[in-house]
Amino acid sequence: MTSPKRKKIKESKSDNDIETVINKILLEDCDLDVAILLRFRNHLQHSKDNELEVQSVKLKIEQRVITRLLCQYEAMESEKDKAIFDILFLLEKLYQISLRPFFPMVWGNRAKDNYEKLRQLGQILHTKLTADQVLDYLNPKLMWNTLLKSEQTTSIKIPEKDSSNQFYDARFILRLLATLIDDDGAKMNSRKFIDVNALSLAFAATSFVSRSERCIAYFILRRFLLHLTELDADSFPEKCLYIYLLQIFKNSIENPIQRLPHVVAHFFARVTKLILHPEDPVYQPVLSYGIKLLLSLFGSVIADQETKKYILLSLRAILQHRSLANDLYVRQNLHSWIVLTLQNTMITRWERVFLCQLFVMLVTHVKDLYCNSNHDSMDANWRKTMVYKTCQMLGNKVCDELEKQNDDAKSTWLPKLKQLLCKDSWAGSMEACDIRN
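Read left to right, the sequence shown gives residues 237 to 673 (the working numbering).
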């Protein structure tokens, strides 16, 4: 049993040790030594159960200590950066030292000016960085390398020399993204969040070994989906596709905080990146696969009105491009799907009108494509005639649907559709066909 005198001497020595370490950390004219950081981390770990030691450490940790650590931090998987992360984690979780005054956290030499202003002005007067400014700190290439080869994806220890400066520490990045989307999500640029591969990393992190990291990843995905669906101001052309992608992912999870296979998580991560790059050769096959899922989901019992709404919005966004509209006509038989779906008595009037609008958009592109063709051969004219008769036959059913109620939809879309189906709007080389008025 340790005598009170020896115990007091031991505590005094421990206090001197921690003060020495903190003083070395505060030296501004040199980089932090890894040995000092490891020594500090080990002291925090060993003292966490000693109430006197905990209180002593809390009294010694000033704002300057935290900012010094953050300015020396590079958010990588190097031994130095992992030691700094562990120190910050221990100070917050076990020593109850709040890091919220430093949110949103930034790091490295670029962060010195921000933290200097925080020191001078104080937390109330200091203007915090926006979410978009913090996203500028992230390197998209490093983010992509991190989700592919981070040490969090496997329980096998990766040699230090192979990973020190190539990957971010996914533990820190995930927590950073969670604070951004939680605290400043309303003002965050969704497109920028995707561009820096933040959403891709969140998808990939659902395959991480650590349950706590997966929990943060699922939180990011859930909040980002809410961000996209609730904010009308933050809009971009691919928004509906991302909402659909996130909903498909959400509906596919069978267990809470489920660890997904790497191939599944990385598929969603890659599709997230691919949606913004239609020039990629993989884009068309993936989109074609996605369209089949969209059409199947719309008529299923698991699709609620919100889901159907975003499916229709996604189709409208796709039909704005003539080449894609032709692909949907030829390969997906979208015109027949629309007419068949209109026979479903469970869909609402709004959905029926939207489907009629999609039919008009589709036929407009198809007509322009075939009528503006320079081919005057008999085979080309025969194909044109078949396309016209198909559009006429199905278009008459859509006209019937629009004529059922006298509303704005009828006055807006019915004249346009009848004009499209009129023989005068098609090429003269085709035989005239009777159209119902």
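Glycine residues also receive a C-beta, built at the ideal position from the N, C-alpha and C atoms.
Problem set entry | Beta-carbon proximity list for residue 335, same chain, < 6 Å, skipping 5 on both sides | For the purposes of this step, residue 335 is identified with residue 99 of the sequence shown, where counting begins at 1. So the list reads 328, once near-sequence residues are dropped.
Exercise. Taking buried to mean at least 16 other C-beta atoms within 10 Å of its own C-beta, is residue 349 buried or exposed?
Worked result: Here the question's residue 349 lines up with position 113 in the sequence shown. Residue 349 counts as exposed, since fewer than 16 other C-beta atoms from the protein chains shown sit within 10 angstroms of its C-beta.
Problem set entry | Straight-line Cα distance separating residue 513 from residue 345 | Walking along the sequence shown from the start, residue 345 turns up at place 109. Walking along the sequence shown from the start, residue 513 turns up at place 277. Their backbone Cα atoms lie some 33 Å apart in a straight line.
Exercise. Considering only the beta carbon of each residue, do residue 553 and residue 476 sit closer than 8 Å?
Worked result: Translated into the one-based positions of the sequence shown, residue 553 becomes position 317. Translated into the one-based positions of the sequence shown, residue 476 becomes position 240. Yes.
Exercise. Below 8 Å between beta carbons: does that hold for residue 290 and residue 261?
Worked result: Counting from 1 along the sequence shown, the entry for residue 290 is found at position 54. Counting from 1 along the sequence shown, the entry for residue 261 is found at position 25. Contact: no.
For this session: Please determine if the region 310–320 and the region 354–365 are in contact, where contact requires at least 3 C-beta pairs separated by less than 8 Å.
Result: The region 310–320 vs the region 354–365: no contact.
For this session: Identify, in the order they occur along the chain, each residue of the same chain with its Cβ nearer than 7 Å to the Cβ of residue 423, setting aside the five sequence neighbours on each side.
Result: Position 187 of the sequence shown holds residue 423. Hits under 7 Å: 366, 367.
Problem set entry | Residues that residue 312 bridges to, as DSSP identifies them | Position 76 of the sequence shown, counted from the first residue, corresponds to residue 312. Residue 312 is bridged to 404.
Problem set entry | residue 283 to residue 277 span [Cα, whole Å] | Translated into the one-based positions of the sequence shown, residue 283 becomes position 47. Translated into the one-based positions of the sequence shown, residue 277 becomes position 41. As the crow flies, the alpha-carbon of residue 283 is around 10 Å from that of residue 277.
For this session: Measure the beta-carbon distance from residue 676 to residue 559 and round it to whole angstroms, keeping in mind my assumption that it falls under 8 Å.
Result: Beyond the ends of the chain as shown, which are 237 and 673, falls residue 676; an answer cannot be given.
Exercise. Mind checking residue 443: buried by the 16 CB within 10 Å criterion, or exposed?
Worked result: Locating residue 443 in the sequence shown gives position 207, where the first residue counts as 1. Classification for residue 443: buried.
Problem set entry | Simplified DSSP assignment, three categories, for residue 343 | In the sequence shown, residue 343 corresponds to position 107, counting from 1. The answer is coil: DSSP assigns residue 343 none of H, G, I, E or B.
For this session: Out of 628, 462, 304, state which residue places its alpha-carbon closest to the alpha-carbon of residue 603.
Result: Residue numbering aside, residue 603 sits at position 367 when the sequence shown is read from its first letter. Looking at the Cα atoms, 628 is the closest of the given residues.
Problem set entry | Secondary structure of residue 444, DSSP reduced to three states | The sequence position of residue 444 within the sequence shown is 208, counting from 1. Coil.
For this session: Go through its chain and collect everything with a Cβ distance to residue 449's Cβ below 8 Å, but skip five positions before and after it.
Result: Mapped onto the sequence shown, residue 449 falls at position 213. 388, 406, 407, 410, 441, listed in sequence order.
For this session: Identify which residue in 594, 254, 343 has its Cα closest to the Cα of residue 653.
Result: As a first step, residue 653 must be located in the sequence shown, where it is residue number 417. Residue 594 is the option with its Cα nearest to residue 653.
For this session: Please list, in chain order, all residues of the same chain as residue 308 whose beta carbon is under 7 Å from its beta carbon, the five residues on each side excluded.
Result: Start at 1 with the first residue of the sequence shown, and residue 308 comes out as number 72. Cβ within range, chain order: 267, 268, 320.
Problem set entry | Helix, strand or coil at residue 337 [DSSP, three-state] | As a first step, residue 337 is located in the sequence shown; it is residue number 101 there, counting from the start. The three-state reading of DSSP puts residue 337 in helix, counting H, G and I together.
Problem set entry | Helix, strand or coil at residue 539 according to DSSP, with G and I counted as helix | Position 303 of the sequence shown, counted from the start, is the residue given in the question as residue 539. Secondary structure at residue 539: coil, using DSSP grouped into helix, strand and coil.
Exercise. Taking the alpha carbon of residue 352 as the point to measure from, which residue in 297, 304, 567 has its own alpha carbon closest?
Worked result: Taking the sequence shown and counting its residues from 1, the one referred to as residue 352 is at position 116. The shortest C-alpha separation from residue 352 is found at 304.
Exercise. For residue 289, which of helix, strand or coil comes out of DSSP?
Worked result: What you label residue 289 is simply residue 53 of the sequence shown in a count that begins at 1. In the structure shown, residue 289 adopts helical secondary structure according to DSSP, grouped into three states.
For this session: Label residue 537 either buried or exposed according to how many other C-beta atoms from any shown protein chain fall within 10 Å of its C-beta, with 16 as the threshold for buried.
Result: Here residue 537 corresponds to residue number 301 of the sequence shown, with the count starting at 1. Exposed, because fewer than 16 other Cβ atoms sit within 10 Å of the Cβ of residue 537.
For this session: Using alpha carbons as the reference points, say which of 310, 572, 354, 292 lies closest to residue 404.
Result: Counting from one through the sequence shown, the residue named residue 404 turns up at place 168. Nearest C-alpha to residue 404: 310.
For this session: Count the other C-beta atoms from every protein chain shown that fall within 10 angstroms of the C-beta of residue 287, then say buried if there are 16 or more, exposed otherwise.
Result: Taking the first residue of the sequence shown as position 1, residue 287 is located at position 51. Residue environment for residue 287: exposed (fewer than 16 other C-beta atoms within 10 angstroms of its C-beta).
For this session: Check whether the Cβ atoms of residue 379 and residue 437 lie closer than 8 Å to each other.
Result: Taking the first residue of the sequence shown as position 1, residue 379 is located at position 143. Taking the first residue of the sequence shown as position 1, residue 437 is located at position 201. Yes, the pair counts as a contact, with Cβ atoms nearer than the cut-off.
Exercise. Alpha helix (DSSP H) containing residue 648: first to last residue?
Worked result: What you label residue 648 is simply residue 412 of the sequence shown in a count that begins at 1. It spans 644–657 - the alpha helix (DSSP H) in which residue 648 sits, taken as one unbroken run.
Exercise. Secondary structure at residue 356, three-state DSSP: helix, strand or coil?
Worked result: The count along the sequence shown starts at 1 and reaches residue 356 at position 120. Per DSSP, reduced to three states, the secondary structure at residue 356 is helical.
Exercise. Whose CA, out of 633, 280, 484, lies closest to the CA of residue 543?
Worked result: The count along the sequence shown starts at 1 and reaches residue 543 at position 307. Per the Cα distances, 484.
Exercise. Just the Cα atoms here: how many angstroms apart are residue 545 and residue 427?
Worked result: Working through the sequence shown from its first residue, we reach residue 545 at position 309. Working through the sequence shown from its first residue, we reach residue 427 at position 191. Cα to Cα, the separation comes out at about 21 Å.
Problem set entry | Local conformation of residue 515 per DSSP, three classes | Within the sequence shown, the letter at position 279 stands for residue 515. For residue 515, the three-state secondary structure derived from DSSP is coil.
Exercise. If you check the beta carbons only, do residue 347 and residue 306 fall under 8 Å apart?
Worked result: Numbered from its first residue, the sequence shown carries residue 347 at position 111. Numbered from its first residue, the sequence shown carries residue 306 at position 70. Closer than 8 Å, so yes.
Problem set entry | Selected residue, minimal CA-CA separation from residue 600, among 491, 571, 581 | For the purposes of this step, residue 600 is identified with residue 364 of the sequence shown, where counting begins at 1. Closest option to residue 600, Cα to Cα, is 571.
For this session: Please state if the CB of residue 255 and the CB of residue 296 are separated by a distance shorter than 8 Å.
Result: To locate residue 296, count along the sequence shown from 1; it is residue 60. To locate residue 255, count along the sequence shown from 1; it is residue 19. Yes, Cβ-Cβ distance for residue 296 and residue 255 is below 8 Å.
Exercise. Got a sec? Which residues, its chain only, sit under 8 Å from residue 597 by beta carbon, not counting five neighbours each side?
Worked result: Taking the sequence shown and counting its residues from 1, the one referred to as residue 597 is at position 361. Its chain contains 552, 555, 556, 561 as the residues whose beta carbon lies nearer than 8 Å to that of residue 597, once the 5 sequence neighbours on both sides are disregarded; these appear in chain order.
For this session: Taking 8 Å as the cut-off, decide whether the C-beta atoms of residue 481 and residue 504 are in contact.
Result: In the sequence shown, the residue the question calls residue 481 occupies position 245. In the sequence shown, the residue the question calls residue 504 occupies position 268. Judged by their CB atoms, residue 481 and residue 504 are nearer to each other than the 8 Å cut-off.
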